[in-house]
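4 protein chains.
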Amino acid sequence: MKIELGENRYGKAENRVVRITREQGTHHILDLNVSVQFSGDFADTHLTGSNAKVLPTDTQKNTVFAFAQKYPAMEPEAFGLKLCEHFLDTQTHVTRAEVRLEQYLWDRILVDGKPHPRAFQKNTSLTRTARVVMDRTANGGKEAFVSSGVEDLVILKTSDSEFTGFIKDHYTTLPEATDRIMATQVTAKWRHDSHDVAVLSKKDFAKSFTKATEKMLATFAEHYSLSLQQTLFEMGKAMITEQPDICSVRMSLPNKHHFLVDLSPFGQENKSEVFIAADRPYGLIEAVVNRDDAPDAGFIWPAW
Amino acid sequence: MKIELGENRYGKAENRVVRITREQGTHHILDLNVSVQFSGDFADTHLTGSNAKVLPTDTQKNTVFAFAQKYPAMEPEAFGLKLCEHFLDTQTHVTRAEVRLEQYLWDRILVDGKPHPRAFQKNTSLTRTARVVMDRTANGGKEAFVSSGVEDLVILKTSDSEFTGFIKDHYTTLPEATDRIMATQVTAKWRHDSHDVAVLSKKDFAKSFTKATEKMLATFAEHYSLSLQQTLFEMGKAMITEQPDICSVRMSLPNKHHFLVDLSPFGQENKSEVFIAADRPYGLIEAVVNRDDAPDAGFIWPAW
Amino acid sequence: MKIELGENRYGKAENRVVRITREQGTHHILDLNVSVQFSGDFADTHLTGSNAKVLPTDTQKNTVFAFAQKYPAMEPEAFGLKLCEHFLDTQTHVTRAEVRLEQYLWDRILVDGKPHPRAFQKNTSLTRTARVVMDRTANGGKEAFVSSGVEDLVILKTSDSEFTGFIKDHYTTLPEATDRIMATQVTAKWRHDSHDVAVLSKKDFAKSFTKATEKMLATFAEHYSLSLQQTLFEMGKAMITEQPDICSVRMSLPNKHHFLVDLSPFGQENKSEVFIAADRPYGLIEAVVNRDDAPDAGFIWPAW
Amino acid sequence: MKIELGENRYGKAENRVVRITREQGTHHILDLNVSVQFSGDFADTHLTGSNAKVLPTDTQKNTVFAFAQKYPAMEPEAFGLKLCEHFLDTQTHVTRAEVRLEQYLWDRILVDGKPHPRAFQKNTSLTRTARVVMDRTANGGKEAFVSSGVEDLVILKTSDSEFTGFIKDHYTTLPEATDRIMATQVTAKWRHDSHDVAVLSKKDFAKSFTKATEKMLATFAEHYSLSLQQTLFEMGKAMITEQPDICSVRMSLPNKHHFLVDLSPFGQENKSEVFIAADRPYGLIEAVVNRDDAPDAGFIWPAW
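First to last, the sequence lines map onto chains A, B, C and D.
Count the first sequence with my numbering and you get residues 149 to 452, in order.
Count the second sequence with my numbering and you get residues 149 to 452, in order.
Count the third sequence with my numbering and you get residues 149 to 452, in order.
Count the fourth sequence with my numbering and you get residues 149 to 452, in order.
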């Protein structure tokens, strides 16, 4: 029997970079959590302890901060591309560089109704995410897989949701529901179809992100839902239809149950008015929605 | 030596009530986390195990949900008052009822720029809190202490903050800073000066809350800060000055440090542009700001 | 109307100190989370922004680390006393110094059944806590209030617990239970009766802590419980009876509900075998148990 | 352009089952968090909203609790196998059933040094995990992929760890370290090599788990480490060598940095005695260690 090294990668996780950009009296914040990972020829450090091919994670961290100074006010996807290019260009034994980013959003504080130029309130109602995986191609070039996404986005609708017609078996106790609260916490990622680093580096990711999230939310609001699965599919479909360069959408939607409270012991009727918000267990609905001719996902999708 | 029972209380914590109110096609959400606590003549259950005077926490929970149906769309302070009154009225051996509430806010989802009547996005950028403590008075009546507040509110300013002129001793390494990022996560509570249940029950807590938080944020934004302590005092002072029925403000402000990253090893200058957001340790600034004639706080303030 | 500064304090929170002590081949870890707070003459920094009396929280942090080197292997209570003394001795305008400590425990890794001298596994089943509040006395001296405690200690018993004979009212649905699971997560603090800094500095806090927690756990295990309140009182009473220099015990015990699952729809009987562990809501039982002649608590107890 | 449904699955997550088994006066706890997921022919619910093929997640939950009563005191791997078999046997359109389990451990409370038969303290120093993925085979049978694992296991060594000889580039500031603290929080999973449901159902997973974790910990303690990568490989290699039916080990090891504090400004020398435990950023080392003839992993490994 022999023991071998399999898949492996390493890097510095959760570099908390805050980049301030000043335009005369008006300041801008870019607030990121940046994680870097390298794959490549790292057998030696695992097998013999030689670190001759290891760029320390501390150096990766320094690079992230230095690049934040050099390249101000970038979209997270573009900042990830910049870092991946640098690492592949300077570390010839690295075959794949990955950068994951979380962007925390800040709103300007309103003073007498007007946005203040240099004071901010954190907007935690949604975290913007991005991921870049850059590989070397057969011809010595580089190709990139880029996804954008959201996390921590909690949405709820009080009408237009039912759940009926499901399988009944020996263990079924759930009644059918023709009017229920539907609530979920969206984790979504969507892939951009180009793998060309030059093309991606010029893409307007800010505009794409805004359009994608607006469409996702509007579809959730307006779609009459027969199941959370159906709503998920409609949300993904609407996002791709509007922006076909988004070739694939992947969502993980916990069904945050709101149970109608039985008030009949107290002589009260509960006409879908009072609910208890449950923590656990929760349904978990996960699916990918694809453009039929979507290019391969490479390593950008964390498979299950 | 004798062993005695000291201070004690009990109740049901974290009842997650969601109350939907329907006005024709438009729905409203009241999303609360309600915790109840009783103090009173509870020596027996501690000393002998007799529960003859114990209203179970399960019954407290049922009451919270039943009242949410009976009294729709209340401000959290008013809902707390209603519950406290009920408990003191029906449980004669309870001498003090306390209700703590967290209200989670929901924005309407925008569809083509217009707020949807029945679909919502959770706004987690600020949690509204309220607390009601109701006691029996000497003459057999009831008096209430009510506070309102915020939690989870993260704010930051990129200018108009310095920290200089402090004590230097053997263990000092901190340089003076004439231009720094100031950031904090606000936990604030403010007391309403009336203790009259009837008066409090008619108060417009929604309007008061909006004015208080707007003034707090505007003061943070506009005040030139020589220390976080000074900013705290100015915020509290402005809140009381504008609404003198707020007789006292209590704040706990962690100083969320953003350290300037030293880029000189890489030949780069960092002109207050790139910061690392630190998790721990953090400064912690806590103070109460009072109207000079504020009535006694009773048991509404959790003392240190 | 005048606006005044009320209670206030400031300090550096959550200094994560790890102190290694080497005895030839055997190493020891002291792993602490240390928070410092000063009260005193700090009106100026709040009212005018003058920091002339402010020892920065950064300097407090440096002091904590420097003292960890100077005074190795101390019990957390003793380390807190040492820090408080230093701060009161050197900062004459500070009237009260407080230090809160959490100690994370580490077990030695077993290799072939034998404890390794330099490799450890974190024991998170219980966090040891300590708190020191040191005040100036009228005669220019110092007095200290010291408490010890535990957090994150989850305990459960599968027998000898019932809950019956409670009040029934309009909102009651809970059945009486003569055999139930009782589970809680203990947060406990206990005060030491001496306020003499010299006496306290020589106390064997390690031994006291071990005896207190062992007695607490054994009482929980052995006591036949008619209510969680009764169990709380018995635990505190047993701790004080065994070590009368512990003059007061304060506990906060969430009732971590385990609900019997109704399996009758599936034709199965559930003889107290299958439970669902609920997250929220939970009962919350809080009380102080005192030696009848316990000295005043000063500011060591966080009042409600 | 057509929009298609891609990979998808659904189920009930985080069913918190506590199963008590009574042997005369001695009780045993099995405390599990069970998550179920189905893959299969679920296009309809996504595309048309028809739930005719959907077994509700509520029914999955009921099944988990009912099975906990029927099959007491199982190892988590065996309980997962039992559930997967049931679901594939009764839901013909389900092609893959997955069950993930977390087992929370409980120690008996000691009373006068003796373990109490019915009172317990939660041991959170390590969470045991298991995962079962069951697929249908070409010939109409079933095959299972089973992994075991640990989470929340924090380990640290104070000697025998260095990090030298690494790449230096423009962004390097890290000095070489010949004596450092090495600490990590282990998330590990290991695969069992048989895919035969009958064979797996008879395996002694308890014994295998104990041996695997003991070997992992002993190797961490005893191995002289030139990098965390090397230590990871040695841990996996030792586990497989001892129990070759463990054909593959996958680990994710955050490098929990402990930085030596510079005490020289205070005239103190820090001879590897005082460290600050940092939260973020952290190095993250991930790798798989395989027996060279390990069978395919199927869908048991969450790929990156």
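Even for Gly, the Cβ is constructed at its ideal location relative to N, Cα and C.
Report the neighbours of residue i on chain B: residues whose CB is nearer than 7 Å to its CB, in chain order.
| i | result |
| --- | --- |
| A216 of chain A | V422 |
| T379 of chain A | Simply none; closest approach about 11 Å. |
Name the residue from the options whose alpha carbon lies nearest to the alpha carbon of residue i.
| i | options | result |
| --- | --- | --- |
| I257 of chain D | C:H194, C:V302, C:F353 | C:V302 |
| Y158 of chain A | A:E171, A:K201, A:D440, A:I177 | A:K201 |
| A267 of chain B | A:L322, A:L236, A:V280, A:S307 | A:S307 |
| G288 of chain A | A:R428, A:D237, A:H194 | A:D237 |
| P402 of chain B | B:R284, B:L231, B:V334 | B:V334 |
| E233 of chain D | D:T277, D:E291, D:L274 | D:E291 |
| L203 of chain B | B:E370, B:V184, B:D341, B:V437 | B:V184 |
| D327 of chain C | D:S309, D:E390, D:I168, D:E155 | D:I168 |
| W320 of chain C | B:D179, B:A214, B:Q172 | The sequence shown places Thr at residue 320 of chain C, not Trp. Selected option, being the one with the closest Cα: B:A214. |
| C395 of chain A | A:K160, A:D255, A:V347, A:V437 | A:V437 |
| E250 of chain A | A:T277, A:T196, A:S373, A:Q217 | A:T277 |
| H318 of chain B | C:K337, C:G188, C:R164, C:Q239 | C:Q239 |
| A216 of chain A | A:N181, A:R244, A:A286, A:D260 | A:N181 |
| L195 of chain D | A:E299, A:F381, A:L274, A:D444 | A:F381 |
Could you spell out the range, first to last residue, of the alpha helix (DSSP H) harbouring residue i?
| i | result |
| --- | --- |
| I388 of chain D | 376 to 390 |
| D237 of chain D | 224 to 238 |
| E370 of chain D | 353 to 370 |
| K218 of chain D | 205 to 218 |
If you draw a straight line from the C-alpha of residue i to the C-alpha of residue j, how long is it?
| i | j | result |
| --- | --- | --- |
| S356 of chain B | V294 of chain B | 13 Å |
| G446 of chain B | E152 of chain B | 24 Å |
| E223 of chain C | E246 of chain C | 16 Å |
| R170 of chain C | K209 of chain A | 32 Å |
| W449 of chain B | V242 of chain B | 20 Å |
| V166 of chain A | A325 of chain C | 55 Å |
| F368 of chain A | M387 of chain A | 11 Å |
| G197 of chain C | K160 of chain C | 19 Å |
Can you tell me which of the three DSSP states residue i falls into?
| i | result |
| --- | --- |
| H176 of chain D | strand |
| F447 of chain D | coil |
| L253 of chain D | strand |
| H406 of chain D | strand |
| W452 of chain B | Unreliable placement is indicated for W452 of chain B, whose pLDDT of 40 sits below 50; no coordinate value is reported for it. |
| V436 of chain A | strand |
| S187 of chain D | strand |
| L348 of chain A | helix |
| S412 of chain B | helix |
| V182 of chain D | strand |
| H318 of chain A | coil |
| D192 of chain A | helix |
For residue i, return the contacting residues in chain C, with the cut-off set at a CB-CB distance below 9 Å.
| i | result |
| --- | --- |
| K276 of chain A | Strictly speaking, residue 276 of chain A in this sequence is Arg, with Lys absent from that position. Those within 9 Å of R276 of chain A in chain C number zero; the least Cβ separation is about 28 Å. |
Please list the partners that residue i has in chain C, where partner means a Cβ-to-Cβ separation under 8 Å.
| i | result |
| --- | --- |
| F414 of chain A | H318, Y319 |
List, in chain order, every chain D residue whose beta-carbon is nearer than 9 Å to that of residue i.
| i | result |
| --- | --- |
| D427 of chain B | A426, D427, R428 |
Name, please, each residue of chain B whose Cβ falls closer than 9 Å to the Cβ of residue i.
| i | result |
| --- | --- |
| S396 of chain C | G154 |
Just reading off the beta strand (DSSP E) that residue i is part of, what are its end residues?
| i | result |
| --- | --- |
| S400 of chain A | 394 to 403 |
| S296 of chain C | 290 to 305 |
| G154 of chain C | 151 to 161 |
| F423 of chain A | 422 to 425 |
Could you name the residues of chain D that residue i contacts, counting a contact when the two beta carbons are closer than 8 Å?
| i | result |
| --- | --- |
| D444 of chain A | Going along chain D, no residue has its Cβ under 8 Å from D444 of chain A, so there is no contact; the nearest lies around 12 Å. |
| T335 of chain A | In chain order: nothing, as chain D lies at least about 13 Å away. |
Give me the chain A residues within the contact set of residue i, using Cβ-Cβ distance strictly less than 7 Å, ordered along the chain.
| i | result |
| --- | --- |
| N418 of chain B | Q217 |
| I433 of chain D | Y158 |
Give the residues of chain D in contact with residue i, contact being defined as C-beta atoms less than 7 Å apart.
| i | result |
| --- | --- |
| E370 of chain C | V259 |
What residues of chain B sit near residue i, judged by a beta carbon separation below 8 Å?
| i | result |
| --- | --- |
| V298 of chain A | What V298 of chain A touches in chain B: nothing, since even the nearest Cβ is about 11 Å away. |
Find the residues of chain F that neighbour residue i, judging by a C-beta separation of less than 8 Å, and give them in chain order.
| i | result |
| --- | --- |
| S198 of chain A | No chain F is part of this structure, whose protein chains are labelled A, B, C and D. |
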